[in-house]
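Student: Below you will find the structure I want to go over with you.
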Amino acid sequence: MDVSRCLDKEGRILFWPMKKGKALRGPLLDLLVEEIPRGEKLTEPEVNEAIKAKIATMDHAYFRRILVETGRLDRTPYGDAYWRPGTLTGA
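Now the structure itself:
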């Protein structure tokens, strides 16, 4: 699915599609989670920086929560570590 209309010239998410564009949300989240390295645990500030690198003007915490809610990102119960599901040895 072509998400280019939601991106700025640098490839960052410029806006979050609403009603008619809901189908673009999944591919945009997939694009966003690509910034999170596989096989590594990251702190919340590290995840925030990775997300901020791919969004133009929006709230990084909103996207961090959505990545967790949609199963694209796992976290400890206290939020002190984040990782991509199925990428950690022994996870």
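Counting along the sequence shown from 1, when you hit position 10 you're at 22 in the working numbering, and nothing is skipped either side. Built from N, CA and C at the ideal position, the CB exists for glycine as well. It should be emphasised that the depicted structure is a prediction, and the values quoted were computed from it without experimental measurement.
In or out: TYR90 buried (at least 16 other Cβ within 10 Å) or exposed?
Tutor: With fewer than 16 other Cβ atoms within 10 Å, it is exposed.
Student: Is the distance from the Cβ of LEU85 to the Cβ of TYR94 below 9 Å?
Tutor: In contact: LEU85 and TYR94 (Cβ atoms closer than 9 Å).
Student: Would you mind reading off the limits of the alpha helix (DSSP H) that contains TYR74?
Tutor: That run of the alpha helix (DSSP H) goes 72-81.
Student: Can you tell me the Cα-Cα spacing of GLU52 and ILE67, whole angstroms?
Tutor: The alpha-carbon atoms of GLU52 and ILE67 are separated by roughly 22 Å.
Student: Tell me the DSSP secondary structure of ARG87 in three-state form.
Tutor: Three-state DSSP puts ARG87 in a strand.
Student: Classify ALA62: buried if its beta carbon has 16 or more other beta carbons within 10 angstroms, exposed otherwise.
Tutor: It is buried - the Cβ of ALA62 has at least 16 other Cβ atoms within 10 Å.
Student: Quick check on DSSP: helix, strand or coil for LEU41?
Tutor: Of the three classes helix, strand and coil, the one that applies to LEU41 here is helix, per DSSP.
Student: Leaving out five residues before and five after THR82 in sequence, what residues of the same chain have Cβ atoms less than 7 Å from its Cβ?
Tutor: Around THR82: LEU41.
Student: Looking at ARG50: is its Cβ nearer than 9 Å to the Cβ of ARG96?
Tutor: Yes, the pair counts as a contact, with Cβ atoms nearer than the cut-off.
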